[in-house]
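2 protein chains.
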Amino acid sequence: MTQEESDEKFMRMALAEAREAMERDEVPIGAVIVSPRGMVIGRGHNLTEALADVSAHAEMQAITAAAQMLGGKYLQNCTLYVTVEPCLMCAGTIGWAQIGRVVYGAADEKRGYRSFTSRSPFHPRATVTSGVLGDECAELMRTFFKSKR
Amino acid sequence: MTQEESDEKFMRMALAEAREAMERDEVPIGAVIVSPRGMVIGRGHNLTEALADVSAHAEMQAITAAAQMLGGKYLQNCTLYVTVEPCLMCAGTIGWAQIGRVVYGAADEKRGYRSFTSRSPFHPRATVTSGVLGDECAELMRTFFKSKR
Numbered sequence: 001m002t003q004e005e006s007d008e009k010f011m012r013m014a015l016a017e018a019r020e021a022m023e024r025d026e027v028p029i030g031a032v033i034v035s036p037r038g039m040v041i042g043r044g045h046n047l048t049e050a051l052a053d054v055s056a057h058a059e060m061q062a063i064t065a066a067a068q069m070l071g072g073k074y075l076q077n078c079t080l081y082v083t084v085e086p087c088l089m090c091a092g093t094i095g096w097a098q099i100g101r102v103v104y105g106a107a108d109e110k111r112g113y114r115s116f117t118s119r120s121p122f123h124p125r126a127t128v129t130s131g132v133l134g135d136e137c138a139e140l141m142r143t144f145f146k147s148k149r
Numbered sequence: 150m151t152q153e154e155s156d157e158k159f160m161r162m163a164l165a166e167a168r169e170a171m172e173r174d175e176v177p178i179g180a181v182i183v184s185p186r187g188m189v190i191g192r193g194h195n196l197t198e199a200l201a202d203v204s205a206h207a208e209m210q211a212i213t214a215a216a217q218m219l220g221g222k223y224l225q226n227c228t229l230y231v232t233v234e235p236c237l238m239c240a241g242t243i244g245w246a247q248i249g250r251v252v253y254g255a256a257d258e259k260r261g262y263r264s265f266t267s268r269s270p271f272h273p274r275a276t277v278t279s280g281v282l283g284d285e286c287a288e289l290m291r292t293f294f295k296s297k298r
């Protein structure tokens, strides 16, 4: 499998998480964390309404799950897949967890970390790939917010 | 009581939290959240080692506690006191929680949100006060890291 194919495969899993959020009437964002060997070690979706907790974003759920699975708090060499560009809070957490690679689908012009930061919030050696299944990820968000108007 | 006196009073509570962290061999940072009527509705200290969770910063603990006490996730008009300048993750969370005022003690040149951000991560109407008991807050950090060398 090429990296492009494997990125799409894991982004589809993150999209499935996002759809679970949608079904619970949560902002439809999902995340998956993959180990260097290609194992899914954490997944999650946005639960801010259900938990009445502003920090219950998909990435935070997935990072906590992965850290618990590994029994340690650092996720070096792991890849985080998330359907939408991380916010500042999540970007900061991704940095603290030392996640090695960040792959996101749709850009978030308003709340995404890139509109706030003047330098990378991630680990110095971390790489970022954007736009993987971006249209599909963005469409899910549009559908959700249209239903709220 | 003047605002200056009340700021020092609540920062002393945050410092007491920071000392609890120190006793548990955690980075000594503490936080307190105060309601508009001057009631402490959340407090916490850094627990990243004990919980093996990179996101278990003092501010995150205090915000979660305050949201649980209020039964809602927004903390508008509340003030957050924290002994050290918030990191990017915490600054993002403070923004999501819509906290009205942020008061911190010591600056954090390396990990503080100001060195990463090009615009305020907080609610548009939020105000920030820095340097309250700053020397005392910084001294606690210096003592901790000196003991680690």
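Residue numbers (the numbering used here), protein chains in the order written: chain A, 1 to 149; chain B, 150 to 298. Where a beta carbon is used, it is the ideal one built from N, C-alpha and C, also for glycine.
Contact annotation for Ser-6 of chain A against chain B: no contact, minimum CB-CB distance about 26 Å [criterion: below 7 Å]. If you draw a straight line from the Cα of Phe-116 of chain A to the Cα of Met-238 of chain B, it is about 12 Å long.
Taking each of A:Gly-112, A:Arg-114 and A:Glu-8 in turn and checking the Cα distance to Val-32 of chain A, the smallest one comes out for A:Glu-8.
Look at the stretch 1 to 27 of chain A: it has no residue with a C-beta under 7 Å from a C-beta of chain B. DSSP places Ser-130 of chain A inside the beta strand (DSSP E), whose first and last residues are 127 to 130.
For Gly-283 of chain B, same chain residues with a beta-carbon under 7 Å away, outside a window of 5 residues either side, are Gly-254 and Ala-255 in chain order. Met-150 of chain B and Val-252 of chain B do not touch by the CB rule: their CB atoms are close to 15 Å apart, not below 8 Å. Where Ile-63 of chain A is concerned, the enclosing alpha helix (DSSP H) starts and stops at 58 to 70.
Using a Cβ distance threshold of 8 Å, Gly-241 of chain B and Gly-95 of chain A do not count as a contacting pair.
The stretch 221 to 284 of chain B is shown to contain whole alpha helix (DSSP H) runs of 4 or more residues at 237 to 245, in chain order.
For Thr-242 of chain B, the residues of chain A that pass the 7 Å Cβ criterion are Val-54, Ser-55 and Met-89, in the order they occur in the chain. Looking at B:Pro-177, B:Val-189, B:Thr-292 and B:Thr-278, the one whose alpha-carbon comes closest to that of Ala-211 of chain B is B:Val-189.
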